[in-house]
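*Asks:* In my numbering, the protein residues as written are 225 to 520.
#1: Between residue 498 and the rest of its own chain, which residues show a CB-CB distance below 7 Å, the 5 nearest in sequence each way excluded?
#2: Taking residue 240 as the reference, which of 226, 502, 511 has the closest Cα?
#3: Can you tell me where the beta strand (DSSP E) with residue 269 in it begins and where it stops?
#4: Out of 266, 287, 289, 495, state which residue places its alpha-carbon closest to the alpha-carbon of residue 402.
#5: Here's a check: name, in chain order, each residue in its chain whose Cβ is nearer than 6 Å to the Cβ of residue 340, leaving out the five neighbours to either side.
#6: Considering just the uninterrupted stretch of the beta strand (DSSP E) at residue 346, what are its terminal residues?
#7: To the nearest angstrom, how far is it from the Cα of residue 299 to the Cα of residue 329?
#8: So who's on the other strand from residue 402, going by DSSP bridges?
#9: What does DSSP give as the partner residues of residue 264 in its beta bridges?
#10: Name the DSSP bridge partner or partners of residue 478?
#11: Which residues in the same chain have their Cβ closer than 6 Å to the Cβ of residue 311, if we skip the five residues on either side of it in sequence?
#12: Taking the straight line between their C-alpha atoms, what separation do you get for residue 475 and residue 456?
#13: Let me make sure I understand the geometry here. Which of 229, 507, 260, 486 has the alpha-carbon closest to that of residue 384?
#14: Please check if any C-beta of chain D sits within less than 8 Å of the C-beta of residue 242.
#15: Any idea if residue 353 is buried or exposed, counting beta-carbon neighbours within 10 angstroms, 16 or more meaning buried?
#16: Buried or exposed: which applies to residue 317, given that a residue is buried once 16 or more other Cβ atoms fall within 10 Å of its Cβ?
#17: What residue range does the alpha helix (DSSP H) around residue 226 cover?
#18: Could you work out which residue in 511, 490, 404, 283 is closest to residue 231 when comparing CA atoms only?
#19: Looking at residue 508 and residue 484, is the spacing between their C-beta atoms short of 8 Å?
Written as structure tokens, this is what we have:
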């Protein structure tokens, strides 16, 4: 099963749990015991099907099932009004606006605004269908990079999804002041959300999305040498009946001390009445989003 888009609101269910949904569904369907609620371990899957898509909600709590299904059908209604047709292609080309809608539709596992007319007042980006492209699922300072590449190897669309996460080991009630670079540019081009007040030792201070051209993370310094590396993969000479079954190669990577968005922390000041000394520490990490290589 290919997960096109996913949103974890509470963090109590591991993201990998969704991989168990389709095998369980197929098993129950073969046994003639298919139901709208499936279970694996302590996780319950509540699902509906629309066209060729499965919309699945997961929970470890004793959730109100009728409310969950009502919310899933509301999601279908809202997406259909935004994109005209809710199908795999429309989700591939509108994942940015879908993330924005998901953030407004639900907050920490509780349904919020599900009226499409109200949502269209402040989420005004027009949705459009994807004609060609490759599928992709869906972030210290953390960035996730999404790249969409056509059949000839050209990047069709790229997106930066990032967040600023803070871990606090401070006593008392100190005041923290955080300064970022290029605030005006970020306000004009990014879609950022920040939390004004929290009382946790670890929390997500801000999340953002940028439509910024990402330059290749490869460069050659002047006066240096260029090396070419080739790799050969040996495969057994066995032909399968299904010659079309060539799954894409997934690539995972992590780049420390680098942000593709260019956002930098200019200062992090700690102000406390007692005047104790504290050492702020900032770490930058860039992680891959969905990066796939398709074979001919």
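Built from N, CA and C at the ideal position, the CB exists for glycine as well.
*Replies:* With the given structure in hand:
#1: 396
#2: 226
#3: 267-274
#4: 495
#5: 302, 305
#6: Where residue 346 is concerned, there is no enclosing beta strand (DSSP E), although the alpha helix (DSSP H) it sits in stretches over 340-346.
#7: 8 Å
#8: 492
#9: Answer is 267, bridged to residue 264.
#10: Residue 478 pairs with 511.
#11: 275
#12: 17 Å
#13: 486
#14: No chain D appears in this structure, which consists of one protein chain only.
#15: With a pLDDT of 44 at residue 353, under the threshold of 50, the modelled position of this residue cannot be trusted, and the question is left open.
#16: Of the residues assessed, residue 317 falls on the buried side of the cut-off, its CB having 16 or more other CB atoms within 10 angstroms.
#17: From DSSP, residue 226 is part of no alpha helix (DSSP H); its letter is neither H nor E.
#18: 283
#19: no
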